[in-house]
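In full-length UniProt numbering, the protein residues as written are 1 to 432.
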């Protein structure tokens, strides 16, 4: 039997009045309060669900609204004439190096220089006891005087005999012997003169002089030491440091590749033997004065597979010292149509292969592998992969993905040349 809620006067609390159809008598049933509360909660929940359902389409529409095109920084590639250089290892060496050794035997009487000081060519360095050599000089001088006297006597006799032979007062044999005596005594004078010259030289050798100008090192002997002529151990060493030489090594493979590029016309050869060279010192600083290339080796070292180049640098302040390790930056060629790519534009995959992201004419981002040459400051020399006029992304890698339409914004690239010796800029993060 169907039941209807009574719409008449309010029922007592906690009860509902049920009315039957008119054909049946009205029945009143008392319902439990918990059941009533459950029904009211269900009605409220249904109302909330209905209201939230109306708002869902609007929210979904707002969430599906497309985002704007991201703005990325790009550079427009252009060709330019660029001087290319290579950086090679090298060692400094003294321009001249002289070991000081005695040329006579004797006892060192005095050292005449300050260790570590600059000395001039001809400056006295040591004094060896000259007594023995001065005595030998005096003896040689006396022998010369005796020979000269004998020669004068022979000349007088020869002149007299020439007169006597005319009147047949003496034989022709006596005359010839007197003429021969003149020649013999003249030869004796020459021998005596040479002996005197030798004695004088030995006396001069007792005062040991600097053969070149430069900085002298430590002395190996002190006063009282016995030295011998042409001994194996040097008394001291003088090194000429201004100018100074740098011996540079270059692999034969690099030289062959460079010559091939010259022959193919990719690069133009720079200068001649007097090409300019710059130095990067051990602490990373750049030597302020340029040097010049003086010599290129004519043979390859069979052990190292390298050839030697030699450059000369002015060194008035003696900043460069022999034996220092340096890196020489040497201009090798000119690329008349060089295409240079900012290092921050390069993306490398886990295998280290480089690529760039190019913005096309439709403003879509595409990934393109490139082949790179040497670093030029903070840019890469491009061998292949991109061409002049193309837009390459340098900023906005986190905002845009390959295949997406972007808004390119041309930005000013960083300085075209980083300071010499500066570390190359790191590449952008690898693309996913």
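We put the CB at the ideal spot given by N, CA and C, even for glycine.
Rounded to a whole number of angstroms, what is the C-alpha to C-alpha distance between residue 256 and residue 372? Along the chain shown, one-based indexing puts residue 256 at 256. Along the chain shown, one-based indexing puts residue 372 at 372. Their Cα atoms are separated by approximately 19 Å.
Pick from 368, 113, 94, 147: whose alpha carbon is nearest that of residue 186? Translated into positions along the chain shown, residue 186 becomes position 186. Closest option to residue 186, Cα to Cα, is 147.
Starting from residue 300 and walking both ways along the alpha helix (DSSP H), at which residues does that stretch end? Looking up residue 300 in the chain shown gives position 300. It is not in any alpha helix (DSSP H) - residue 300 carries neither H nor E in the DSSP assignment.
Cα separation between residue 386 and residue 320? Within the chain shown, numbered from 1, the residue matching residue 386 stands at position 386. Within the chain shown, numbered from 1, the residue matching residue 320 stands at position 320. Roughly 43 Å separates the two Cα atoms.
Just verifying my parser: in three-state terms, what is the DSSP assignment at residue 161? Your numbering for residue 161 matches position 161 in the chain shown. Note: residue 161 maps to helix in three-state DSSP.
In or out: residue 412 buried (at least 16 other Cβ within 10 Å) or exposed? Locating residue 412 in the chain shown gives position 412, counting from the first residue. Classification for residue 412: exposed.
Please check the pair residue 358 and residue 390, which I expect to be a contact at CB under 8 Å, by giving their CB distance rounded to whole angstroms. Within the chain shown, numbered from 1, the residue matching residue 358 stands at position 358. Within the chain shown, numbered from 1, the residue matching residue 390 stands at position 390. Contact holds; Cβ gap of about 6 Å.
On the CB-based measure, 16 or more other CB atoms within 10 Å of its CB, does residue 85 come out buried or exposed? Here residue 85 refers to the residue found at position 85 when the chain shown is read from its first residue. Counting the other Cβ atoms within 10 Å of the Cβ of residue 85 gives 16 or more, which makes it buried.
Where residue 79 and residue 115 are concerned, what is the direct C-alpha to C-alpha distance, given to the nearest angstrom? Start at 1 with the first residue of the chain shown, and residue 79 comes out as number 79. Start at 1 with the first residue of the chain shown, and residue 115 comes out as number 115. Roughly 58 Å separates the two Cα atoms.
To the nearest angstrom, report how far apart residue 308 and residue 247 are at their CA atoms. Translated into positions along the chain shown, residue 308 becomes position 308. Translated into positions along the chain shown, residue 247 becomes position 247. Each residue's alpha carbon lies about 6 Å from the other.
Buried or exposed (CB count within 10 angstroms, at least 16 for buried), residue 166: Translated into positions along the chain shown, residue 166 becomes position 166. That one is exposed.
Identify whether residue 179 lies in helix, strand or coil by the three-state DSSP scheme. Taking the chain shown and counting its residues from 1, one reaches residue 179 at position 179. Note: residue 179 maps to helix in three-state DSSP.
Residue 378 burial status per 10 Å Cβ neighbour count (16 or more: buried): Stepping through the chain shown from its first residue, residue 378 is reached at position 378. When all chains shown are included, residue 378 counts as buried.
Taking a contact to mean a Cβ-Cβ separation below 8 Å, would you say residue 286 touches residue 245 in this structure? The residue labelled residue 286 in the question sits at position 286 within the chain shown. The residue labelled residue 245 in the question sits at position 245 within the chain shown. It is not a contact, given that the beta carbons lie outside the stated cut-off.
So the candidates are 297, 293, 325; which of them puts its Cα closest to the Cα of residue 283? Within the chain shown, residue 283 is the residue found at index 283, counting from 1. When only C-alpha atoms are compared, the closest one is 325.
Compute the Euclidean distance between the alpha carbons of residue 352 and residue 374, then round it to the nearest angstrom. Against the chain shown, residue 352 aligns to sequence position 352. Against the chain shown, residue 374 aligns to sequence position 374. Approximately 15 Å between the Cα atoms of the pair.
Where residue 201 sits in the DSSP three-state scheme: Taking the chain shown and counting its residues from 1, one reaches residue 201 at position 201. Per DSSP, reduced to three states, the secondary structure at residue 201 is helical.
Drop a sphere of 10 angstroms on the beta-carbon of residue 156, count the other beta-carbons inside from all chains shown, and report buried for 16 or more, exposed for fewer. If you number the chain shown from 1, residue 156 lands on position 156. Burial call: exposed.
If I measure Cβ to Cβ from residue 118 and keep anything under 6 Å in the same chain, skipping five residues before and after, which residues do I get? Position 118 of the chain shown holds residue 118. If we look at residue 118 and ignore the five residues flanking it on each side, its Cβ neighbours are 215.
Rounded straight-line distance, which links the Cα of residue 402 to that of residue 368: To locate residue 368, count along the chain shown from 1; it is residue 368. To locate residue 402, count along the chain shown from 1; it is residue 402. The C-alpha of residue 402 is placed about 10 Å away from the C-alpha of residue 368.
Residue 97 - containing beta strand (DSSP E), residue span: As a working mapping, residue 97 is identified with position 97 in the chain shown. 79-100 is the extent of the beta strand (DSSP E) around residue 97.
Using the Cα positions of residue 394 and residue 290, report the straight-line distance between them to the nearest angstrom. Start at 1 with the first residue of the chain shown, and residue 394 comes out as number 394. Start at 1 with the first residue of the chain shown, and residue 290 comes out as number 290. Rounded to whole angstroms, residue 394 to residue 290 spans 35 Å at the Cα level.
To the nearest angstrom, report how far apart residue 232 and residue 226 are at their CA atoms. Here the question's residue 232 lines up with position 232 in the chain shown. Here the question's residue 226 lines up with position 226 in the chain shown. When rounded, the distance between both Cα atoms is 13 Å.
Using alpha carbons as the reference points, say which of 128, 83, 303, 250 lies closest to residue 328. Taking the chain shown and counting its residues from 1, the one referred to as residue 328 is at position 328. Residue 328 has its Cα closest to that of 250, out of 128, 83, 303, 250.
If I measure Cβ to Cβ from residue 106 and keep anything under 6 Å in the same chain, skipping five residues before and after, which residues do I get? Translated into positions along the chain shown, residue 106 becomes position 106. Hits under 6 Å: 128, 129.
Taking 7 Å as the cut-off, does the CB of residue 79 come closer than this to any heavy atom belonging to the ligand NAD? As presented, the structure is devoid of all ligands, the ligand NAD included, so that no description of it is given.
Please list, in chain order, all residues of the same chain as residue 111 whose beta carbon is under 7 Å from its beta carbon, the five residues on each side excluded. Within the chain shown, the letter at position 111 stands for residue 111. Result list for residue 111: 126, 219, 222, 223, in chain order.
Between residue 295 and the rest of its own chain, which residues show a CB-CB distance below 6 Å, the 5 nearest in sequence each way excluded? Taking the chain shown and counting its residues from 1, one reaches residue 295 at position 295. Excluding sequence neighbours, residue 295 sits near 310.
What does the alpha-carbon distance come out to for the pair residue 164 and residue 170? Here residue 164 refers to the residue found at position 164 of the chain shown. Here residue 170 refers to the residue found at position 170 of the chain shown. Those two C-alpha atoms are separated by around 6 Å.
What do you get for residue 230, buried or exposed, if any count of 16 or more other CB atoms within 10 angstroms of its CB means buried? Here residue 230 is taken as the residue at index 230 of the chain shown, counted from 1. Exposed, by the Cβ-count rule.
Option in 399, 135, 124 with minimal Cα separation from residue 109: On the chain shown, position 109 is the one that residue 109 refers to. Ranking 399, 135, 124 by Cα distance to residue 109 puts 124 first.
Presumed contact (8 Å Cβ cut-off) between residue 406 and residue 339, rounded CB distance: As a working note, residue 406 is residue 406 in the chain shown. As a working note, residue 339 is residue 339 in the chain shown. Rounded, the Cβ-Cβ distance is 23 Å, inconsistent with contact.
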